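Under my numbering, the first residue of the sequence shown is numbered 3, with each subsequent residue one higher. Glycine included, each C-beta is placed from N, C-alpha and C at the ideal position. Nothing here was measured: the structure is a model prediction, and the numbers come from that model.
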Amino acid sequence: MIHVATVHWRSDRWIDVQLRYLRENVEEPYRVYAWLDSGMRDRAHEFHYATDVPVEQHELKLTLLGDLVAYAADPDEVIMFIDGDAFPVAPIMPFLRSKLARYPLVAVRRDENNGDRQPHPCFCATTAGFWRQLPGDWRRGHTWTNPQGKEVTDVGGNLLGLLEGAGLEWYPMLRTNKVNPHPLQFGVYEDLVYHHGGGFRLTAGGRLWRAAVEDRLEGTLRGRLAGRLPREGRVGRVRKIIDPVRRYRRTLGGELARVNEQVFELIQRDEGFYLQLIEPDRGGELARIKAPVLLGDTENLSATR
3 MIHVATVHWR SDRWIDVQLR YLRENVEEPY RVYAWLDSGM RDRAHEFHYA TDVPVEQHEL
63 KLTLLGDLVA YAADPDEVIM FIDGDAFPVA PIMPFLRSKL ARYPLVAVRR DENNGDRQPH
123 PCFCATTAGF WRQLPGDWRR GHTWTNPQGK EVTDVGGNLL GLLEGAGLEW YPMLRTNKVN
183 PHPLQFGVYE DLVYHHGGGF RLTAGGRLWR AAVEDRLEGT LRGRLAGRLP REGRVGRVRK
243 IIDPVRRYRR TLGGELARVN EQVFELIQRD EGFYLQLIEP DRGGELARIK APVLLGDTEN
303 LSATR
């Protein structure tokens, strides 16, 4: 039995898409366990197990689902973690069986996101026994040094720390796009798994390509002022209004959201959409889409008036 753990929040629009691709590409018996928002209770019957207990952190939801599955499953049964806006686009089990015979854990590693080193929960597979043994933890905390020399952490950081602490090698699934409408979003990994990225929230789409602009905005008068204000309370609300970095991210996120909608509409009507990302000679809509990475005009975001 394959046990699939996923999280859907804010919107249920990815549920039908994800369940369809799971039916087509998980070639062994499987069950899906989902953490849903309270507004999705009418969709709970579509899963083997579903809960809407209010928990804020995405990584904590996945960790708790992993624990639930790991203690309910036989030790050698596979747990597949997958983001709500991710799904296998080709038969996945021969690949997973082959890799899990050699490695205790297989997961996406997003090298394209400023060299992130950790397993990413958009797609990961391991066994119930190994998850219990670690024990698994998707939360951020454990740090690594990024290419700019800064200590950083993100979702999956603690899992990386547990693997490194135990001296265990894991198999990284890397981005195999030949066509990239955006350098981080709309990713295909090992030609097997698609991750939309930003499917449930407004996102500015990656850290590396924003760094130079954000450093400049932080150095403006408004940026320096915002940096000295507390983050909470009434003054914290003022900080959010004047902070040029926050305004920049929201503006860039709005531009990217429009492209997200274009790609989502394509996914709904074309089950082979992902081939446009891995077969450059195919052409198609995705070859013509270029999502914004940087905004050219940021002057209005950092004005001193």
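- Given I280 as reference, the closest of Q270, R236, F188 and L258 once Cα atoms are compared: For the purposes of this step, residue 280 is taken as the residue at position 278 of the sequence shown. Looking at the Cα atoms, F188 is the closest of the given residues.
- In or out: T65 buried (at least 16 other Cβ within 10 Å) or exposed? As a first step, residue 65 must be located in the sequence shown, where it is residue number 63. By the 10 Å Cβ count, T65 comes out buried.
- Hey, how far is the Cα of D85 from the Cα of H197? Here the question's residue 85 lines up with position 83 in the sequence shown. Here the question's residue 197 lines up with position 195 in the sequence shown. Cα to Cα, D85 sits roughly 8 Å from H197.
- Query: DSSP state of P308, grouped into three classes?
  - Reply: Because the chain in this structure spans residues 3 to 307, residue 308 falls outside the shown range and cannot be described.
- Item | Beta-ladder partner(s) of W37, from DSSP | Locating residue 37 in the sequence shown gives position 35, where the first residue counts as 1. In DSSP, W37 forms a bridge with V9 and T53.
- With burial defined as no fewer than 16 other Cβ atoms inside 10 Å of the residue's Cβ, what is the status of A74: buried or exposed? By one-based count along the sequence shown, residue 74 stands at place 72. By the 10 Å Cβ count, A74 comes out exposed.
- Going by alpha carbons, who is nearest to Y35 out of D193, I81 and R12? Within the sequence shown, residue 35 is the residue found at index 33, counting from 1. Taking only the C-alpha atoms, the option nearest Y35 is I81.
- For the segment 153-172 and the segment 85-100, state whether three or more C-beta atom pairs, one from each stretch, are separated by less than 8 Å. no
- Item | Other residues of its chain near L136: CB distance less than 7 Å, five sequence neighbours each side excluded | Position 134 of the sequence shown, counted from the first residue, corresponds to residue 136. Once the five neighbours on either side are set aside, the close Cβ partners of L136 are L164.
- Task: Taking all protein chains shown into account, decide if D18 is buried (16 or more other Cβ within 10 angstroms of its Cβ) or exposed.
- Result: The sequence position of residue 18 within the sequence shown is 16, counting from 1. D18 is exposed by the Cβ-count criterion.
- Quick one: grab the DSSP three-state call for R43. Reading the sequence shown from its first residue, position 41 is the one you call residue 43. Helix at R43.
- Item | Opening and closing residue of the beta strand (DSSP E) in which T129 lies | By 1-based counting over the sequence shown, the position of residue 129 is 127. Unbroken beta strand (DSSP E) run through T129: H122 to T129.
- Message: Run through the DSSP bridge pairs and tell me what P174 is partnered with.
- Response: Residue mapping note: residue 174 aligns to position 172 of the sequence shown, counting from 1. DSSP, once it has assigned bridges, lists A109 as partnering P174.
- Specify the secondary structure class of M82 as computed by DSSP and reduced to three states. The sequence position of residue 82 within the sequence shown is 80, counting from 1. Looking at M82 - three-state DSSP - the assignment turns out to be strand.
- Query: Across which residues does DSSP place P137 in a beta bridge pair?
  - Reply: On the sequence shown, residue 137 is found 135 positions in, with the first residue counted as 1. BP columns for P137 are empty, so no partner.
- Query: Considering only residues of the same chain and omitting the five flanking positions on each side of M175, which have a CB-CB separation below 8 Å?
  - Reply: Position 173 of the sequence shown holds residue 175. Excluding residues within five positions, the ones whose Cβ falls inside 8 Å are V108, A109, V110, R111, F125, Y191, E192, L194 and V195.
- Query: Start and end of the beta strand (DSSP E) containing G189?
  - Reply: Here the question's residue 189 lines up with position 187 in the sequence shown. Per DSSP, G189 belongs to the beta strand (DSSP E) from G189 to Y191.
- Helix, strand or coil: how does DSSP classify F308 here? This structure cannot settle anything about residue 308, because the visible part of the chain is limited to 3 through 307.
- Please look up how many angstroms separate the CB atoms of R142 and N160, rounded, as I've assumed it's under 8 Å. Taking the first residue of the sequence shown as position 1, residue 142 is located at position 140. Taking the first residue of the sequence shown as position 1, residue 160 is located at position 158. Yes, they are in contact, since the Cβ atoms of R142 and N160 sit about 7 Å apart, within 8 Å.
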